[in-house]
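Undergrad: Questions regarding the structure given below will be posed in turn.
2 protein chains.
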Amino acid sequence: MMSENISELRQDLVTGEWIVVATGRARRPDDFAKAKHPITSQPPETCPFETLHENAQAIYTAEGKRFLPDGGNRVELDGTWWLKVVSNKYPAFGQGECAVEHAVGPYRFQDGVGVHEVVVTRDHARSIAEMSPGEVAVIIRAYRDRYLALKEEGCVEYISIFHNHGADAGASLEHPHSQIIAISVIPPDISRSLAGSGGYFARTGKCVHCTMIEFDAIDGSRIIYENQDFTVSCPFAPRQAFEVRVFPKRHTPYFETLTEREIALAGDALHQAVARLGRALAGPAYNFFIHTAPTADGQSVAHYHWHLEIIPKTAVWAGFEIGTGIEISTISPEAAAEFLRGILL
Amino acid sequence: MMSENISELRQDLVTGEWIVVATGRARRPDDFAKAKHPITSQPPETCPFETLHENAQAIYTAEGKRFLPDGGNRVELDGTWWLKVVSNKYPAFGQGECAVEHAVGPYRFQDGVGVHEVVVTRDHARSIAEMSPGEVAVIIRAYRDRYLALKEEGCVEYISIFHNHGADAGASLEHPHSQIIAISVIPPDISRSLAGSGGYFARTGKCVHCTMIEFDAIDGSRIIYENQDFTVSCPFAPRQAFEVRVFPKRHTPYFETLTEREIALAGDALHQAVARLGRALAGPAYNFFIHTAPTADGQSVAHYHWHLEIIPKTAVWAGFEIGTGIEISTISPEAAAEFLRGILL
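Line order of the protein sequences matches chains A and B.
Note that my numbering has the first sequence beginning at 824, numbered continuously upward.
Note that my numbering has the second sequence beginning at 824, numbered continuously upward.
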């Protein structure tokens, strides 16, 4: 039933949740026996992102004259770009008929329709933990600008923005990059967050995230850092040891409403979060992602509060976690936050 | 708020789901910077399970005179035990007040109450993929017998049985072992499966798993192996490439109703599944776990159908999967099943 499309969204008949079978990136069955961690270290010579300055095909470019230290000298980078957004060469989603359900026996599936872009920063060896607040802000501005553009495309119900750092976190290339995937279904984790936030609002008349932000500010024990517009904290119920969240203080469901001032302060907050984790855990692999409202307009998600979650790979999810959905964190978020607060940046 | 207990169940205020903060196994904050993969290879001399034959504290023992090949000779093992169940020395759950919710600000938590046991087989270097069907049946019988015993304890709402193989799958010891955790809450993944199965039953009057088993038997493309009482197949909507499930043909929500004949045939089916994955993927790390009904009696889960899921570590869950809950499988389950069917055992 696999068509010529890159991928297929298949529905779990029990839970109703969607998964993706991506055969556009397919490997032969016996390829799965080989390298489980595709890349651990990669010289710039073989990095596909190193040739992006010769590539005119960028969807988005942020200019910036940059210098790299080279011994005692500073070497100016070729060209003036510092960040480019390009199409993913091996997309997980592609063209097709969106939101058309097909059936085979009791099962349902759709074409895996969507857009898959890559946000690449200029320096091969300069990870987000090493970037300045201003550099991180350039990345966040690119996220917002691409979000605003992708929101206007057809068949887009949700836009996922995420960053994988390190092979243990699933990064297939060492060169720092983030990914943006716009898809035609609302993902299950987002549905659950929206439902939970909506239920809390119905019961209390308040935003559940505002409630947590307010209480955590008074309590103090889970706060790592804050500036005028953002807080950086460990959540009361983390999925993993040293999980960190960045919350905007202004209540809005919509990430894309970030103002220029907020972009600068979000850059500062994300810099603080990632740099502290980097020092505390000696350069851990990590993932971060943005949780925001679905793209379709409507007041029905007015109770939601967008935010960013950072999950360092401090443990491997094993049979209990995978089989139950209950995650075990081996340090309390209060102890993790205290440790991260104490890091000197 | 952390008491003297080993762990705390904390509720995610947004989703209502429980997570565990386990400080009984706690490490100091800066320990998290060290070894992410605790054990990759471990000689028998330092393996704590190698001294179990001197230990009279087993909760459960399966006898069996066993011989190990040693060059041209066969060496008889010390003692006659082949499988022992012991208490986990580093339990994730322990004593406490069960099901009593405490609050701090808007947040809710409980003591992490439960029982955590380890099922150890005799041979240090003989993993399940290398065991005979009869040996695997001894393990399944131990699961069932301990399940029946733990079901009678107080504060037990769900019993999770799982096996981690390989450091990449979170196994902290190389010596083959499974774990049984009895806890006082119903895990979110189980709640969702029960709700999905219940919804399907309400709409169609049929068991969703029986429906899939029936259709898959006719369709054939996802079937790997079957015997009189069990099928081994790849699910239509897998979480990971090469995911395999073992289903009993007899409809029952309750794993613990396994008969002696079914135990033998479940041993055969699990042997087929794990041995084929082992050959196909060249000894992959994997997790397997049993999904069964909660322990509390009641006809409300009569629609459910227990089963076993095997998830080989063919990929690392990265930002998209962790951030959305949508898993991407890079081979279709039909291609994976065809490959696994063709493996000669």
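C-beta atoms are modelled at their ideal positions from N, C-alpha and C, and glycine is treated no differently.
So that I know if they touch, is there some Cβ in chain B lying closer than 8 Å to that of A/P929?
TA: yes
Undergrad: Any beta carbon of chain A sitting closer than 8 Å to that of B/I1013?
TA: yes
Undergrad: Below 8 Å between beta carbons is the criterion; list the residues of the region 947 to 959 of chain B that meet it against any residue of chain A, in chain order.
TA: Of all residues in the region 947 to 959 of chain B, none has a Cβ within less than 8 Å of some Cβ in chain A.
Undergrad: Smallest Cα separation from B/N1036: which of B/R1102, B/C921, B/R1068?
TA: Here the sequence assigns Ile to residue 1036 of chain B, which means Asn is not the residue at that position. With distances taken between Cα atoms, B/I1036 lies closest to B/R1068.
Undergrad: Could you pull the start and end residues of the alpha helix (DSSP H) that B/I1041 belongs to?
TA: 1031 to 1042
Undergrad: Express the C-alpha separation of A/S1152 and A/R833 in angstroms, rounding to a whole number.
TA: 31 Å
Undergrad: Taking 8 Å as the threshold (C-beta atoms), are A/V961 and A/I951 in contact?
TA: no
Undergrad: I'd like to confirm the pairing. Which residues does DSSP put opposite A/N987 in its beta bridges?
TA: A/N1110
Undergrad: Can you pull the chain B neighbours of A/Q834, defined as C-beta to C-beta under 7 Å?
TA: A1060
Undergrad: To the nearest angstrom, report how far apart A/V844 and B/V923 are at their CA atoms.
TA: 42 Å
Undergrad: Note down, in chain order, every chain B residue with its Cβ under 7 Å from the Cβ of A/S1020.
TA: V837
Undergrad: On the criterion of 16 or more Cβ atoms from any shown chain inside 10 Å, does A/Y966 qualify as buried, or is it exposed?
TA: buried
Undergrad: Evaluate A/M825 with the Cβ neighbour count: other Cβ atoms within 10 Å of its Cβ, from every protein chain shown; 16 or more gives buried, anything less gives exposed.
TA: Only weak support exists for where A/M825 lies, its pLDDT of 38 falling under 50; the value from the coordinates is given anyway. Label assigned to A/M825: exposed.
Undergrad: Taking A/T1115 as part of the beta strand (DSSP E), name the residues at either end of that continuous run.
TA: It is not in any beta strand (DSSP E) - A/T1115 carries neither H nor E in the DSSP assignment.
Undergrad: Strictly below 8 Å CB to CB, what residues from chain B border A/Q1002?
TA: Residues of chain B passing the Cβ test: G1142, F1143.
Undergrad: Taking three-plus beta-carbon pairs below 8 Å as touching, is the region 1042 to 1053 of chain A in contact with the region 1134 to 1154 of chain A?
TA: no
Undergrad: How would you label B/K912, buried or exposed, when you count the other beta carbons within 10 angstroms and need 16 or more for buried?
TA: B/K912 is classed as exposed because its beta carbon has fewer than 16 other beta carbons within 10 Å across all chains shown.
Undergrad: Using the Cα positions of A/L1104 and B/D854, report the straight-line distance between them to the nearest angstrom.
TA: 8 Å
Undergrad: Hey, A/F872 and A/V943: beta-carbon distance below 8 Å or not?
TA: yes
Undergrad: Run through the DSSP bridge pairs and tell me what B/L832 is partnered with.
TA: B/V843, B/Q933
Undergrad: Closer than 8 Å, Cβ to any Cβ of chain B: which residues of the region 1093 to 1105 of chain A, in chain order?
TA: A1103, L1104, A1105
Undergrad: With a cut-off of 8 Å on the beta carbons, I'd call A/H1126 and A/C1030 a contact; round off their distance for me.
TA: That belief holds up - the Cβ atoms of A/H1126 and A/C1030 are roughly 6 Å apart, short of 8 Å.
Undergrad: Tell me whether the beta-carbon of B/N987 lies closer than 8 Å to the beta-carbon of A/A1141.
TA: yes
Undergrad: Report, in whole angstroms, the separation of the C-beta atoms of A/I1004 and A/F916, which I expect to be a contact under 8 Å.
TA: 6 Å
Undergrad: In its own chain, which residues sit with a C-beta less than 8 Å from the C-beta of B/T1054, not counting the 5 before and 5 after it?
TA: I1036, D1039, A1040, I1046, Y1048, V1069, F1070, K1072, A1092
Undergrad: For B/H1114 and B/I1013, which I take to be in contact (beta-carbon distance under 8 Å), what is that distance rounded to the nearest angstrom?
TA: 7 Å
Undergrad: What do you reckon, are the CB atoms on B/F1111 and B/F985 nearer than 8 Å?
TA: yes
Undergrad: Taking B/S864 as the reference, give the member of B/L973, B/L971, B/G989, B/G1021 with the closest Cα.
TA: Ranking B/L973, B/L971, B/G989, B/G1021 by CA distance to the CA of B/S864 puts B/G989 first.
Undergrad: Given a threshold of 16 other Cβ atoms within 10 Å of its Cβ, counted over all protein chains shown, does B/T874 qualify as buried or as exposed?
TA: B/T874 comes out exposed.
Undergrad: Within this structure, are the beta carbons of A/P867 and A/H939 separated by less than 8 Å?
TA: no
Undergrad: Could you name the residues that DSSP lists as bridge partners for A/R969?
TA: DSSP output for A/R969 lists no bridge partner at all.
Undergrad: Just the chain B side, please: which residues come within less than 7 Å of A/I882 by C-beta, in chain order?
TA: Those within 7 Å of A/I882 in chain B number zero; the least Cβ separation is about 19 Å.
Undergrad: Any beta-carbon of chain B closer than 8 Å to the one on A/G919?
TA: no
Undergrad: Grouping DSSP H, G and I as helix and E and B as strand, with all else coil, what is B/P1011?
TA: Residue state, collapsed to three classes: helix.
Undergrad: Let's see if you can read the secondary structure: which residues bound the beta strand (DSSP E) around A/V1055?
TA: 1053 to 1056
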